[in-house]
Amino acid sequence: MSTSLSMAGNISGSLGLERGIAATQSASMRSWLVLAAIAIFTLFVRFPELGNPAPDFDEQLYFLAGDRMWSGDIPFVDIWDRKPVGLFLIYAAIRLLGGDGILQYQLVAALFAIATGWLVYCITLRFASWKGALAAALIYVLYLRALNSNVGQTETFLMLFCVGTMLLAVKSLETDDNGLIKRYAMAAMFIMGLALQVKYTVLPQCVFFGLFFLWRIGTRTSFASALLKNAPAFVALGLLPTLIVAGYYLAIGHFEDFYYANFTSIFDRGKLSGNILKYCIVRSTIMLLPLSILALSAWLERNRQAISITAFAAISIWALACLSGIIMTGSIYIHYCVPLVPALAILTGAFVDKSKLRLIAPMVLAIYVLSLTDYTKSFAKNDRDIASMETMTAAMLPHVQKGCIYIYDGPTMLYTMTGSCLPTKRPYPDHLNNLQEKHSMGLDQAAEVRRVLTTRPVAIVTADRRVVPHLSREPKALVDAALARDYHFVTRQFYDRRFISVYLRNDLLPPARTR
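Count along the sequence shown from 1, add 1139, and you get the number used in our numbering.
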């Protein structure tokens, strides 16, 4: 009898072990399938722009800066922008992949989006089934397109750091091990320190995560004790990457250039025009309103037994910190709103998982976003832009050995595609033609344009209409006068909803051969 009971126990134990192994294998297989779904959807959403050398404005400068760093150019010294050096280092690292770098940076940006989507999935899985968590991840990827970050915009890279830190915060709520919580906290502070070197507008998020982990440690001891013992280490870890960069510029004698570009110039910048600001706010609101409604509904539909209210509240406060980062500069562009999306997507994933809208809401949201972003029309635009860039490059390429081209207004990527030298340390057209930037460049716009024109660029690129709120009058007058006096028209190409014109210096091509 005892032998029979022993055998029955062994069989029961074996069956339990087999079920456990099967469950683990099933969960592992599901994770791989979910990751594959996120990857496929990301490539689908980004596919129209793949291979386009100039799909958006800002990333053309980041690519140029990263590329030029391999030739010895130093950000803020030889090529100017106010983004932190970490962003340029990302683009410089991508150039190690070879090729012309264009498809490479776009695929790396897609990998960042996939990884961030996976982290969104992992966080949402705490509050929802895998279906709701997958919906949250796909919503995040979709909204990168909706908010003008569907290729290589800063936020595409930035959010991997921020969402990864949020995952550490959530994981800290799942343990009572004070040592483990402190390790999570230290890792979080360093990660957000790295994020600061991608974009400084994550500062409110840094403050939020610092306070969150001080509170979390304080629940095990006391907040006053946690503050005294841990706050200095938190601050030091968060500032370490920036201090290392500052130390480098101090060592090479260009700390003033670094400090002005990173911390001062933004306050000298003019306010965004009322019409442009209004458009960005209205467009962002149209895109984010349905997602925000679904996210807020999560608080009404939440299952108190299945959801950690503390974690839910932390994610909601995180969203407010992200909102603070959006408005801190006073200028709101559409892509600035991307940091809001992960928190809203996580809350939405929890909501659709526990409501009758599980399938309907994400599908309607996807159709809504894709229709507003003209997804199907993007293929034709992409082909047209590629052809235009190639034509303009071909017009200037035979002459770049005789001097630099000068892009007064047009795609910055033409510097890279032609292999031209840079006629100015401020090659981004906005910096010298935008009235909003007039007092934030550390130099006189008109004087710099006048200096560039005295170098007699082999070609000048202009546009038929501006994209900046207001053009600076004197630089425009100087360029117009130079074109009338010393240059002749070569080609005019339609690119990104406006016509870009290329002019060659008169001595390079007889006027009779102009097109």
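Each residue gets a CB set at the ideal place from its N, CA and C atoms; glycine is no exception.
Quick caveat: nothing in here was measured; it's all calculated off a predicted structure.
Pairwise C-alpha distance: P1537 and R1654: Position 515 of the sequence shown holds residue 1654. Position 398 of the sequence shown holds residue 1537. Residue confidence is low: R1654 scores 44 on pLDDT, short of 50, so the model does not pin down where it sits. Its coordinate-derived value is still stated next. The alpha-carbon atoms of R1654 and P1537 are separated by roughly 16 angstroms.
Per-residue burial, Y1121 [other beta carbons within 10 Å of its own, 16 or more giving buried]: In the structure as shown, the chain starts at 1140 and stops at 1654, and residue 1121 therefore has no counterpart that could be examined.
CB of M1328 within 7 angstroms of CB of F1373, strictly: On the sequence shown, residue 1328 is found 189 positions in, with the first residue counted as 1. On the sequence shown, residue 1373 is found 234 positions in, with the first residue counted as 1. Yes. Within cutoff.
Separation of A1621 from A1526, as counted between CA atoms: For this step, residue 1526 is matched to residue 387 along the sequence shown. For this step, residue 1621 is matched to residue 482 along the sequence shown. Cα to Cα, the separation comes out at about 28 angstroms.
Contained alpha helix (DSSP H) runs [length at least 4] in the region 1351-1431, N- to C-terminal order: 1362-1390, 1394-1398, 1404-1407
Identified DSSP bridge partners for F1638: In the sequence shown, residue 1638 corresponds to position 499, counting from 1. BP columns for F1638 point to F1633.
Whether V1184 touches R1265 by CB criterion (7 angstroms): Position 45 of the sequence shown holds residue 1184. Position 126 of the sequence shown holds residue 1265. Contact flag unset, no.
Host beta strand (DSSP E) of A1586 (start-end): For the purposes of this step, residue 1586 is identified with residue 447 of the sequence shown, where counting begins at 1. Taken as a continuous stretch (DSSP letters only), A1586 belongs to no beta strand (DSSP E), being part of the alpha helix (DSSP H) at 1584-1593.
Buried/exposed call for T1557, threshold 16 Cβ in 10 Å: Translated into the one-based positions of the sequence shown, residue 1557 becomes position 418. Classification of T1557: buried, given that the 10 Å Cβ count is 16 or more.
P1214 (DSSP reduced to helix, strand or coil): One-based indexing of the sequence shown puts residue 1214 at position 75. Looking at P1214 - three-state DSSP - the assignment turns out to be strand.
R1644 in three-state terms, based on DSSP: For the purposes of this step, residue 1644 is taken as the residue at position 505 of the sequence shown. In this structure, R1644 counts as strand in the three-state DSSP scheme.
Spatially closest choice to D1569 from A1586, I1546, T1555, by CA coordinates: As a working mapping, residue 1569 is identified with position 430 in the sequence shown. Checked all of A1586, I1546, T1555; the closest Cα to D1569 is I1546.
Neighbourhood of W1209 by C-beta, 7 angstroms cutoff - its chain only, sequence neighbours within 5 removed: Counting from 1 along the sequence shown, the entry for residue 1209 is found at position 70. Same-chain partners within the cutoff: A1231, R1234.
Cα-Cα separation between T1512 and K1338, rounded to whole angstroms: For the purposes of this step, residue 1512 is taken as the residue at position 373 of the sequence shown. For the purposes of this step, residue 1338 is taken as the residue at position 199 of the sequence shown. In this model, T1512 and K1338 are separated by some 25 angstroms (Cα to Cα).
Residues that DSSP places opposite A1598 in a beta bridge: Mapped onto the sequence shown, residue 1598 falls at position 459. Answer is I1544, L1643, bridged to A1598.
Counted within 10 angstroms of its Cβ, other Cβ atoms place R1652 as buried (16 or more) or exposed: Locating residue 1652 in the sequence shown gives position 513, where the first residue counts as 1. At R1652, the pLDDT of 48 sits below 50, so the modelled position is not reliable; the number obtained from the coordinates is stated separately. R1652 comes out exposed.
Segments of 4+ residues assigned as alpha helix (DSSP H) that fall wholly inside the region 1450-1495: 1480-1492
Three CB pairs or more closer than 8 angstroms across the region 1291-1310 and the region 1513-1533: no
When L1228, T1181, P1608 are compared against A1204, the one with the closest alpha-carbon: Residue mapping note: residue 1204 aligns to position 65 of the sequence shown, counting from 1. Here the closest residue by C-alpha is L1228.
Unbroken alpha helix (DSSP H) run spanning W1296, endpoints: Along the sequence shown, read from residue 1 onward, the residue named residue 1296 stands at position 157. According to the sequence shown, residue 1296 is Phe rather than Trp. Here the alpha helix (DSSP H) through F1296 covers 1293-1311.
Separation of T1487 from S1436, as counted between CA atoms: For the purposes of this step, residue 1436 is taken as the residue at position 297 of the sequence shown. For the purposes of this step, residue 1487 is taken as the residue at position 348 of the sequence shown. Taking the straight line from one Cα to the other gives about 8 angstroms.
Three-state secondary structure assigned by DSSP to H1538: Here the question's residue 1538 lines up with position 399 in the sequence shown. Three-state DSSP puts H1538 in a helix.
Segment contact, 8 angstroms Cβ cut-off, at least three pairs: the region 1255-1264 with the region 1315-1327: no
Simplified DSSP state of H1609, which is helix, strand or coil: To locate residue 1609, count along the sequence shown from 1; it is residue 470. Looking at H1609 - three-state DSSP - the assignment turns out to be coil, as it is neither helix nor strand.
Option in I1177, V1346, I1179 with minimal Cα separation from L1459: Taking the sequence shown and counting its residues from 1, the one referred to as residue 1459 is at position 320. It is V1346 whose Cα lies nearest to the Cα of L1459.
Close-in-space but distant-in-sequence residues of the same chain around Y1642 (CB under 6 angstroms, 5 per side omitted): As a working note, residue 1642 is residue 503 in the sequence shown. Around Y1642, the same chain offers I1599, L1622, Y1626, F1628 as residues with beta carbons nearer than 6 angstroms, after the five sequence neighbours per side are excluded.
Endpoints, the alpha helix (DSSP H) within which C1560 is located: As a working mapping, residue 1560 is identified with position 421 in the sequence shown. That residue, C1560, is in no alpha helix (DSSP H); it is neither H nor E in DSSP.
At least three beta-carbon pairs within less than 8 angstroms, the region 1390-1409 to the region 1215-1225: yes
Any 3 or more C-beta pairs closer than 8 angstroms across the region 1464-1472 and the region 1410-1421: yes
Residues of its chain near P1429, where Cβ-Cβ distance is below 7 angstroms and the 5 sequence neighbours each way are ignored: Stepping through the sequence shown from its first residue, residue 1429 is reached at position 290. Taken in chain order, the residues that qualify are L1504, Y1507.
Whole-angstrom distance between V1309 and D1635, CA atom to CA atom: In the sequence shown, counting from the first residue as 1, residue 1635 sits at position 496. In the sequence shown, counting from the first residue as 1, residue 1309 sits at position 170. Each residue's Cα considered, the two are about 42 angstroms apart.
Spatial distance of Y1279 from F1406 (CA atoms): The count along the sequence shown starts at 1 and reaches residue 1279 at position 140. The count along the sequence shown starts at 1 and reaches residue 1406 at position 267. Cα-Cα distance, rounded: 31 angstroms.
Alpha helix (DSSP H) segment containing N1573, residue limits: The residue you call residue 1573 lines up with position 434 of the sequence shown. Counted as a single uninterrupted DSSP element, the stretch harbouring N1573 is not any alpha helix (DSSP H), since DSSP gives it neither H nor E.
Per-residue burial, E1395 [other beta carbons within 10 Å of its own, 16 or more giving buried]: Counting from one through the sequence shown, the residue named residue 1395 turns up at place 256. That one is exposed.
Whole-number beta carbon distance between L1382 and A1334, since they are thought to touch under 8 angstroms: Within the sequence shown, residue 1334 is the residue found at index 195, counting from 1. Within the sequence shown, residue 1382 is the residue found at index 243, counting from 1. So it is not a contact: roughly 15 angstroms between Cβ atoms.
Which residues DSSP lists as bridging F1628, in chain order: In the sequence shown, the residue the question calls residue 1628 occupies position 489. DSSP lists Y1642 as partners of F1628.
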